[in-house]
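First the structure, in the form of structure tokens, and then the observations on it.
There are 2 protein chains.
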Amino acid sequence: MLRLNRITDYAVVVLTQMAREPDKLVTAPQLSQDSNVPQPTVAKLLKELTRGGVLASHRGVNGGYTLAREPEAISMLEIIIALEGPVSLTACVDGAEGDCEVERLCPVRGNWDRVNGAIHDALKGVSLADMTSPATMFGVSIEPRARPASAH
Amino acid sequence: MLRLNRITDYAVVVLTQMAREPDKLVTAPQLSQDSNVPQPTVAKLLKELTRGGVLASHRGVNGGYTLAREPEAISMLEIIIALEGPVSLTACVDGAEGDCEVERLCPVRGNWDRVNGAIHDALKGVSLADMTSPATMFGVSIEPRARPASAH
DNA sequence: GTAAACCGTACCGCAGCAGTCCTGTATTGG
DNA sequence: CCAATACAGGACTGCTGCGGTACGGTTTAC
Ligand code: FES
Ligand code: FES
Numbered sequence: 022m023l024r025l026n027r028i029t030d031y032a033v034v035v036l037t038q039m040a041r042e043p044d045k046l047v048t049a050p051q052l053s054q055d056s057n058v059p060q061p062t063v064a065k066l067l068k069e070l071t072r073g074g075v076l077a078s079h080r081g082v083n084g085g086y087t088l089a090r091e092p093e094a095i096s097m098l099e100i101i102i103a104l105e106g107p108v109s110l111t112a113c114v115d116g117a118e119g120d121c122e123v124e125r126l127c128p129v130r131g132n133w134d135r136v137n138g139a140i141h142d143a144l145k146g147v148s149l150a151d152m153t154s155p156a157t158m159f160g161v162s163i164e165p166r167a168r169p170a171s172a173h
Numbered sequence: 022m023l024r025l026n027r028i029t030d031y032a033v034v035v036l037t038q039m040a041r042e043p044d045k046l047v048t049a050p051q052l053s054q055d056s057n058v059p060q061p062t063v064a065k066l067l068k069e070l071t072r073g074g075v076l077a078s079h080r081g082v083n084g085g086y087t088l089a090r091e092p093e094a095i096s097m098l099e100i101i102i103a104l105e106g107p108v109s110l111t112a113c114v115d116g117a118e119g120d121c122e123v124e125r126l127c128p129v130r131g132n133w134d135r136v137n138g139a140i141h142d143a144l145k146g147v148s149l150a151d152m153t154s155p156a157t158m159f160g161v162s163i164e165p166r167a168r169p170a171s172a173h
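Residue numbers (this note's numbering), protein chains in the order written: chain G, 22 to 173; chain Z, 22 to 173.
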């Protein structure tokens, strides 16, 4: 488990395609066609990503979407937060008091923060640009910085 | 998001209480009473934890459960796996081919492994004993090893 | 033999997600 | 100004999966 939404899964695929040409303005129908994801679904996640600050939109004829920043400056954490809300493993992490019934005599409350923080950092440490590198397949881990500016 | 099951949340509370007296044999009704969690639910998760190798059970009259190992040797990862199955963020991580519809032309496939591995390590690095220390509240992070063998 | 406790499984109600659709708004171009 | 295009926002629905419960079976102590 610990699986994230399928929407987020699709979003990363779409964003990866956009990261190849970061400044190009692309429309939702076009992205749907390129990524093989149904059009209404793509449109939905694009809207949410825009609201989350990951994408920038342009309305009207010849409108479309662009990455809000460079692919290196967009983290996985941002994308997940934009689509699934803030990351918190349990109901009793952070300021959500009252949700947990046993919080009165719970000795764990607060210790989850460490685990939560570790995952937080792990997600923040991986950028969208890292996900585009095709050389890191199945354990052949290379340094992300070792990739020079690829031609595109 | 990225929230884990409430069952797992309860399990950690129960396990933390057991970790105070690691060798004591305690019954499901007793744990239910101590943790303020409904009895059938506690019984269910105790069974799953036993099957996952986290707990050891003793049947018959005066039976009960004990930790299978020392609290320091039980990781959060084990507990989560026992209750929620193997950890994999997306459907296309690891050997689950065919689940993802766009895997044919997906450039991301395989790059999720890095993110997944990071989270994997983060969860493996926190032990049940770490969750019992009451001093690590809200950012006051102390070294886990700094706690000598507490009296019990 | 009886009681206490675990074991396995099957069952049900419900929240949350995936996916779709519709109406509104902004922008471009004729 | 009008029409076409594409995003914005929200409402709606079918369904999977989880939380929670119940029941019959098995093991062990006394
Ligand atoms: S307050 Fe909810 S598990 Fe501790
Ligand atoms: S194969 Fe499923 S997202 Fe890449």
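C-beta: ideal position from N, C-alpha, C; glycine also.
In the DSSP assignment, residue 31/Z forms no beta bridge with any residue. Identification of residues in the segment 87-99 of chain Z having a C-beta nearer than 8 angstroms to some C-beta of chain G yields 97, given in sequence order. Less than 7 angstroms divides the Cβ of residue 85/G from the Cβ of residue 79/G. At a Cβ-Cβ threshold of 7 angstroms, residue 75/G and residue 52/G do not count as neighbours. When DSSP states are grouped into helix, strand and coil, residue 146/Z belongs to the coil group. CA-CA distance, residue 64/Z to residue 132/Z, rounds to 39 angstroms. Between residue 40/G and residue 136/Z the beta-carbon gap is near 16 angstroms, outside 8 angstroms, which marks them as no contact.
Per DSSP, residue 87/Z is not a residue of any alpha helix (DSSP H); the beta strand (DSSP E) it occupies stretches across 85-88. Residue state for residue 154/G is assigned as coil, using DSSP reduced to three classes. Residues of chain G whose Cβ lies closer than 7 angstroms to the Cβ of residue 109/Z are, in chain order, 24. Residue 90/Z and residue 99/Z have their C-alpha atoms spaced approximately 12 angstroms apart. Interface criterion not met: the Cβ of residue 44/Z is under 7 angstroms from no Cβ in chain G.
Residues of chain Z whose Cβ lies closer than 8 angstroms to the Cβ of residue 147/G are, in chain order, 135, 136, 139. The DSSP-derived three-state label of residue 76/Z is strand. Among the bridge pairs identified by DSSP, residue 96/Z is matched with 148/Z. Just so you know, the alpha carbons of residue 87/G and residue 97/G end up roughly 17 angstroms apart.
When Cβ-Cβ separations below 7 angstroms define contact, residue 64/Z makes no contact with chain G. For residue 50/Z, the enclosing alpha helix (DSSP H) covers residues 49-56. By a beta-carbon distance limit of 8 angstroms, residue 23/Z does not contact residue 111/G. Their separation comes to about 10 angstroms. Excluding residues up to 5 positions away in sequence, 92, 93 lie with their Cβ nearer than 6 angstroms to the Cβ of residue 150/Z in the same chain.
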